[in-house]
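Heads up, the sequence shown is in the UniProt record's numbering, so the first residue is 1 and it goes up one at a time.
Note that the Cβ used here is the ideal one computed from N, Cα and C, for glycine as well.
The structure presented is a predicted model; accordingly, all values stated were derived computationally and were not measured.
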Amino acid sequence: MIELPVVPVSNQPQRKPDWLRVRLPVGKEYAHVRGLVDEHKLHTICESGNCPNMGECWGAGTATFMILGNICTRSCSFCAVATGRPLAVDKDEPNRVANSVKLMQVKHCVITSVDRDDLKDGGSIIWAETINAIRRESPETTLETLLPDFRGIWPNLERVLETRPEVVSHNLETVRRLTKEVRIQAKYDRSLEALRITSNAGVRTKSGIMLGLGEREEDVLEAMDDLLDAGVHILTLGQYLQPTRNHHPVVDWIHPDQFASYKEWGLQKGFRYVESGPLVRSSYHAEKHLFEM
Numbered sequence: 001m002i003e004l005p006v007v008p009v010s011n012q013p014q015r016k017p018d019w020l021r022v023r024l025p026v027g028k029e030y031a032h033v034r035g036l037v038d039e040h041k042l043h044t045i046c047e048s049g050n051c052p053n054m055g056e057c058w059g060a061g062t063a064t065f066m067i068l069g070n071i072c073t074r075s076c077s078f079c080a081v082a083t084g085r086p087l088a089v090d091k092d093e094p095n096r097v098a099n100s101v102k103l104m105q106v107k108h109c110v111i112t113s114v115d116r117d118d119l120k121d122g123g124s125i126i127w128a129e130t131i132n133a134i135r136r137e138s139p140e141t142t143l144e145t146l147l148p149d150f151r152g153i154w155p156n157l158e159r160v161l162e163t164r165p166e167v168v169s170h171n172l173e174t175v176r177r178l179t180k181e182v183r184i185q186a187k188y189d190r191s192l193e194a195l196r197i198t199s200n201a202g203v204r205t206k207s208g209i210m211l212g213l214g215e216r217e218e219d220v221l222e223a224m225d226d227l228l229d230a231g232v233h234i235l236t237l238g239q240y241l242q243p244t245r246n247h248h249p250v251v252d253w254i255h256p257d258q259f260a261s262y263k264e265w266g267l268q269k270g271f272r273y274v275e276s277g278p279l280v281r282s283s284y285h286a287e288k289h290l291f292e293m
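Below, the structure is given as structure tokens:
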């Protein structure tokens, strides 16, 4: 293997590398969705998370919604979502999300959520009801669900899998060596088991890893092998960006050439689809991941 450059942050000025610059959203389809979001006060994680790919995804008819509130029961060192005691479950949320999807004429809908370890069902009932509500209101819309690990209580995961989303995703987030540091309340092998159960259920299975947290090349290749062994079909790799000074620091800026090499290695190893680049996020090009099983 040829070693390709990473750029240590300690040797860099404060500004991000040139390859992390983002173009402003433009286009007729983006403007249409932007108008609907503003007019009806709709909520997407694309907008609230300042996703760099919002314009491109909205232009392709893809949008991501976060359910079960905006307060998480976990405190991962990379994540900007607030940690604390969540509010009570909003039982009307499935209908409101389904109405948003219909109003926005979303072709491919991605749903994610905070971790709700405070709930016996882990939020899986709302998950299933949201998927079913979207199916009723927008039967032509395809669905991807970015699920939590449900603390390893697998009947909760299986409740969501029974709704048969077109793609089911659970992010590994980082390599085995850094998991305890980056995902404090998560477990590397528990995530792999969630993915294995998902793949065994016969659905397209997807996972993502952030780079630049201090992982080494061999760590990433090991994670690829672990994900393939768990039956994962789709892999996303993107640059980690530190939300605030209180979060895990960026250790390396990963060069686009390195991302290109990871994509090539991932495809050679056997993934059906690999998205790999500095600005790639979990739902990037999500509509392209609907290949035949």
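Inset, instruction - Out of ALA63, ALA80, ASP118, point me to the one whose CA is closest to THR73's CA. - result: The closest CA to that of THR73, considering only ALA63, ALA80, ASP118, is found on ASP118.
Inset, instruction - Measure how close the beta-carbons of GLY212 and VAL251 come, nearest whole angstrom, since I'm counting them as under 8 Å. - result: Indeed, because the Cβ distance is near 6 Å, the residues count as touching under 8 Å.
Inset, instruction - Would you tell me roughly how many angstroms separate the C-alpha atoms of VAL203 and PRO249, rounded to the nearest one? - result: Using only the alpha carbons, I get a separation of about 35 Å.
Inset, instruction - Measure the CB-CB distance between SER113 and ASN156 and report whether it falls below 8 Å. - result: It is not a contact, given that the beta carbons lie outside the stated cut-off.
Inset, instruction - Answer yes or no: do SER207 and SER169 have a C-beta to C-beta separation smaller than 8 Å? - result: It is a contact, given that the beta carbons lie within the stated cut-off.
Inset, instruction - Would you please state the rounded distance, in angstroms, between the beta carbons of LEU227 and THR198? I believe it to be under 8 Å. - result: LEU227 to THR198, Cβ: 12 Å. No contact.
Legend entry - In DSSP terms, what ALA82 is bridged to: Beta-bridge annotation (DSSP): ALA82 is paired with ILE71.
Inset, instruction - Count the other C-beta atoms from every protein chain shown that fall within 10 angstroms of the C-beta of ALA88, then say buried if there are 16 or more, exposed otherwise. - result: When all chains shown are included, ALA88 counts as exposed.
Inset, instruction - Kindly identify the DSSP beta-bridge partner or partners of GLN258. - result: Answer is none; GLN258 lacks a bridge partner.
Inset, instruction - Please check the pair PHE65 and CYS109, which I expect to be a contact at CB under 8 Å, by giving their CB distance rounded to whole angstroms. - result: Yes, they are in contact, since the Cβ atoms of PHE65 and CYS109 sit about 7 Å apart, within 8 Å.
Legend entry - Residues near ASP115 in its chain [Cβ-Cβ closer than 7 Å; skip 5 each side]: Here the set comprises CYS72, THR73, ARG74, PRO148.
Inset, instruction - Go ahead and label GLU173 buried or exposed: buried means 16 or more other beta carbons lie within 10 angstroms of its beta carbon, across all protein chains shown. - result: By the neighbour-count criterion, in which 16 or more other beta carbons inside 10 Å mark a residue as buried, GLU173 falls on the buried side.
Inset, instruction - Would you mind reading off the limits of the beta strand (DSSP E) that contains VAL180? - result: Note that residue 180 is Lys in the sequence shown here, rather than Val. Per DSSP, LYS180 belongs to no beta strand (DSSP E); it is in the alpha helix (DSSP H), 179–182.
Inset, instruction - Taking LEU235 as part of the beta strand (DSSP E), name the residues at either end of that continuous run. - result: Its beta strand (DSSP E) spans residues 234–239.
Inset, instruction - Compare the C-alpha of SER276 against each of TRP253, MET224, LYS263, LEU146 and name the closest. - result: Sorting TRP253, MET224, LYS263, LEU146 by C-alpha distance to the C-alpha of SER276 places LYS263 at the top.
Inset, instruction - Starting from ARG102, trace the alpha helix (DSSP H) both ways and give me its first and last residue. - result: A small fix is needed here, since residue 102 is Lys in this sequence, not Arg. It spans 93–104 - the alpha helix (DSSP H) in which LYS102 sits, taken as one unbroken run.
Inset, instruction - Using a threshold of 8 Å, state whether the C-beta atoms of PHE271 and HIS233 are closer than that. - result: Going by C-beta atoms, PHE271 is nearer than 8 Å to HIS233.
Legend entry - C-alpha gap between GLU215 and THR141, whole angstroms: Taking the straight line from one Cα to the other gives about 37 Å.
Inset, instruction - Please work out which residues of its chain come closer than 6 Å, Cβ to Cβ, to ALA128, disregarding the five sequence neighbours upstream and downstream, and give them in chain order. - result: The residues are ARG159, VAL160, THR163.
Legend entry - Cutoff 8 Å; reference ALA133; Cβ partners in own chain excluding five residues on either side: For ALA133, where only same-chain residues beyond five positions count, the Cβ hits under 8 Å are PRO94, ASN95, VAL97, ALA98.
Inset, instruction - Would you list the one or two residues that DSSP bridges to SER191? - result: For SER191, DSSP assigns no beta-bridge partner whatsoever.
Legend entry - Contact check, VAL175 vs ASP225, beta carbons under 8 Å: Contact check for VAL175 against ASP225 fails: the beta carbons are separated by 8 Å or more.
Inset, instruction - Check each candidate in VAL81, ARG190, PRO165, LYS107 and name the one with the smallest Cα separation from GLN242. - result: The shortest CA-to-CA distance from GLN242 to any of VAL81, ARG190, PRO165, LYS107 is the one to VAL81.
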